[in-house]
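>
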Amino acid sequence: MEALELISINAWHTIAAICNLLILTWVFKRFLFKPVQKILAERQAQVDSMYREAEDSRTAAEQDRREYHEKLENAEREVEDIIKSATQRAEKMGDEIVAEANAKADAAIRKADADIAQSKKKAVNEIKNEIAGISVSIAEKVVEREISEKDHEAIIESFIEQL
C-alpha cells in the first residue's frame, strides 16, 4: 500500500501545488516579469531612438550631399558663364581695336593722298611758273634781237636744257 500511496493523487497536495503555482506566478509577474518587461521596453526605445538618429543622420548626409552637388553644378555653370562672358568681351574688344586701327589707317591713307595731291599741285604750279618765267625770258631775248634760224634753234635748245 505504501507504494500506492506514493503513486496516488492527494487532493490537498494538488490544491497546495496549484496555490503555490499561482502565488509564484503572481510573484514572478509582479516582481520579475514587469521589471524585465520595463527594461526590455526601455532597451527597445533606446534601439528605436538609435535607429531614428541613424536614419536622421543618413537623411541629413544625403541632403548635404545633394546640396553639395547642386552648389558644385552651379559653380561650374557660373565658371562657364564667366569664361563665356570674358571670351565675348575679349572678342568685342579685339573687334573694336581692329576697327579703330582700320579707321586710323584709312585716315592716314586719306591724309597721305591729300598731301600727295597737294604736293603734286604745288609742283605743277611751280613748273608752270618756271615755264612762264622762262617763256618771258625767251620772249625778252627774242624781242631784244632779231633771231636767225640758227639763233632760234640755239634758244630752243638752251630752253630745253634749262627745263
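Using the numbering used here, read the sequence shown as starting at 5 and increasing by one per residue. Even glycine gets a Cβ: it sits at the ideal position worked out from N, Cα and C. Because the structure is a prediction, the values reported are computed rather than measured.
Give the DSSP-derived three-state secondary structure of Asn-24 in the structure shown.
helix
> Compute the Euclidean distance between the alpha carbons of Ala-49 and Glu-57, then round it to the nearest angstrom.
12 Å
> Can you round the beta-carbon distance between Ile-142 and Phe-163 to whole angstroms, since I take them to be within the 8 Å contact cut?
6 Å
> Could you check the C-alpha separation between Ala-90 and Ile-101 for me, to the nearest Å?
16 Å
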